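In the working numbering, the protein residues as written are 8 to 129. All residues carry an ideal CB built from backbone N, CA and C; glycine is no exception. Note that the structure is a prediction, hence the values are computed from the model and not measured. Accompanying notes for the structure given below.
Printed below as a string of structure tokens:
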């Protein structure tokens, strides 16, 4: 980065990638619960790990944040929406778990079952 214009272009691209409410985006979306309970449980570092790893791997995946998902005892919560597939809800996430989800689920196509809400409720 060598100029203010370049910085502004990077900023705008990042903002567009965070625009989870963009109805025209038809690809995979990842949403992190960022209500007070999520933030208190560590959602900020989880969100940052997802954004960084998805950018590092140059994936065309939209990452965003939402308010309360309603399952506070399972925070931080990450939801993955893939076209034509059922939503996957990951719970009690950490930055390390988030990176694993990027590689195993988002790149490899395999849901990390042990991190899902179904496993947490057992």
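Three-state secondary structure assigned by DSSP to residue i
i	result
residue 40	strand
residue 87	strand
residue 125	helix
residue 105	helix
residue 77	coil
residue 71	strand
residue 98	coil
residue 111	helix
residue 45	helix
residue 92	coil
residue 20	helix
residue 14	helix
residue 118	coil
Residue nearest to residue i in terms of C-alpha spacing, selected from the options
i	options	result
residue 33	68, 16, 51, 85	68
residue 112	99, 126, 89, 102	89
residue 59	126, 19, 119, 102	102
residue 96	73, 70, 124, 108	124
residue 43	35, 78, 121, 15	78
residue 118	127, 87, 20	87
residue 94	120, 21, 62	120
residue 35	105, 10, 92, 11	92
Beta-carbon proximity list for residue i, same chain, < 8 Å, skipping 5 on both sides
i	result
residue 114	64, 66
residue 55	102
Same chain only: Cβ atoms within 6 Å of residue i, ignoring 5 sequence neighbours per side
i	result
residue 19	none
residue 76	40, 84
residue 104	122
Own chain partners of residue i with C-beta closer than 7 Å, once the 5 adjacent residues on each side are dropped
i	result
residue 109	57, 60, 61, 64
residue 126	120
Practice problem: Would you be able to state if there are at least three C-beta pairs under 8 Å between the region 79-91 and the region 38-52? | Solution: yes
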